[in-house]
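Positions 8 to 164 (the working numbering) are the ones given, in order, by the sequence shown.
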Amino acid sequence: MLRAIGMVDESVEKMWKDYLKSAGVSSATYTAWQFGRTPEVADELAALVIEGRKRATTGLAFEYELEGEPLPKKGDLSIVLGGDGRARCIIRTTSVRIMPFGDVPEEFAWKEGEDDRSLRSWREVHERVFTLDCESIGRKFGPDMQVVCEEFEVVFQ
8 MLRAIGMVDE SVEKMWKDYL KSAGVSSATY TAWQFGRTPE VADELAALVI
58 EGRKRATTGL AFEYELEGEP LPKKGDLSIV LGGDGRARCI IRTTSVRIMP
108 FGDVPEEFAW KEGEDDRSLR SWREVHERVF TLDCESIGRK FGPDMQVVCE
158 EFEVVFQ
C-alpha cells in the first residue's frame, strides 16, 4: 500500500475542502494515498471501497518505519486516490490491529473485499506481494512477520 504521494492532484484539495464544509469543520489533517502498486490495481481497489465491498487493508509493519510514516490510528482521515492520482473518496480509520501475518482472521480477509474474500485467497495474494516487498530490501517474508490490519469507513465521496 502506497501511503504518501509526492505530487498532489487538484482534486485532492477540492475534495478535502468540500469534506470540511460538509462536516462543518474548519480544519483537520489527512493523508492522501492509493492502494496497490500499479495504477490499475489502485483503480480497482478504490472502486471496491466506493461500492462498499472493501473496508480494510493490510501493510507490513516495518514498511511504515522504513518509509518514515506513522502507523495509522483510529480516527485518521485519508483521501483514497485512483491510479491517476485523482481523489476518489475520504475514509476514516475505525480500527488498527498489529499481528503476525499467520494470525490474520478470516473475518478480516472478508473485510478486505478482494477476490473471493476467503482467507485462503487473502493469504495467497498478500504473501506474494509481501514476499516481493521483503525481497526488494533483502528481507525474508514469513508467517510471523507483523502486519498492520486497518479497518475503515467511507465518510465522503
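Glycine included, C-beta positions come from ideal geometry on N, C-alpha and C.
Where residue i sits in the DSSP three-state scheme
{"i": "glutamate 160", "result": "strand"}
{"i": "glutamate 20", "result": "helix"}
{"i": "phenylalanine 148", "result": "coil"}
{"i": "aspartate 140", "result": "helix"}
{"i": "alanine 11", "result": "Because the pLDDT of alanine 11 is 45, which lies under 50, any placement of that residue in the model is unreliable, and the number read from its coordinates should be weighed accordingly. If DSSP states are grouped into helix, strand and coil, alanine 11 belongs with coil."}
{"i": "arginine 34", "result": "Sequence inspection shows serine at residue 34; the arginine mentioned does not correspond to that position. Looking at serine 34 - three-state DSSP - the assignment turns out to be coil, as it is neither helix nor strand."}
{"i": "arginine 124", "result": "coil"}
{"i": "aspartate 91", "result": "coil"}
{"i": "lysine 61", "result": "coil"}
{"i": "lysine 28", "result": "helix"}
{"i": "glutamate 74", "result": "coil"}
Endpoints, the beta strand (DSSP E) within which residue i is located
{"i": "arginine 104", "result": "94-107"}
{"i": "serine 85", "result": "84-88"}
{"i": "threonine 38", "result": "38-40"}
Residues bridged to residue i [DSSP beta-bridge criterion]
{"i": "valine 154", "result": "Leu67 and Met106"}
Residue of the options minimising C-alpha distance to residue i
{"i": "isoleucine 86", "options": "Pro77, Ile57 and Gly149", "result": "Ile57"}
{"i": "glycine 59", "options": "Ile97, Thr65 and Cys141", "result": "Ile97"}
{"i": "arginine 127", "options": "Gly120, Val136, Ala116 and Phe137", "result": "Ala116"}
{"i": "lysine 81", "options": "Glu17, Thr101 and Val111", "result": "Thr101"}
{"i": "methionine 153", "options": "Val132, Ser143 and Val111", "result": "The residue asked about is misnamed: residue 153 is glutamine in this sequence, not methionine. Among Val132, Ser143 and Val111, the Cα nearest to that of glutamine 153 is on Val111."}
{"i": "phenylalanine 148", "options": "Tyr71, Gln164 and Glu134", "result": "Glu134"}
{"i": "glutamate 70", "options": "Asp140, Glu160 and Phe159", "result": "Asp140"}
{"i": "glycine 43", "options": "Glu119, Leu84, Gly31 and Arg99", "result": "Glu119"}
Nonlocal neighbours in the same chain, by C-beta distance under 6 angstroms from residue i, ignoring five residues either side
{"i": "proline 150", "result": "Phe108 and Gly109"}
{"i": "cysteine 93", "result": "This sequence places arginine at residue 93; cysteine is not what is there. Excluding positions up to five away in sequence, the list reads Asp16 and Ser18."}
N-terminal and C-terminal residue of the alpha helix (DSSP H) that residue i is part of
{"i": "alanine 53", "result": "46-58"}
{"i": "glutamate 113", "result": "113-119"}
Cut-off 7 angstroms between Cβ atoms - residues of its own chain near residue i, not counting five sequence neighbours on either side
{"i": "tryptophan 23", "result": "Tyr37 and Ile86"}
{"i": "glutamate 20", "result": "none"}
Same chain, Cβ closer than 8 angstroms to residue i, five either side skipped, listed in chain order
{"i": "isoleucine 105", "result": "Ala68, Leu78, Gln153, Val154, Val155 and Cys156"}
{"i": "serine 33", "result": "Leu27"}
{"i": "glutamate 47", "result": "Gly90"}
{"i": "threonine 45", "result": "Gly90"}
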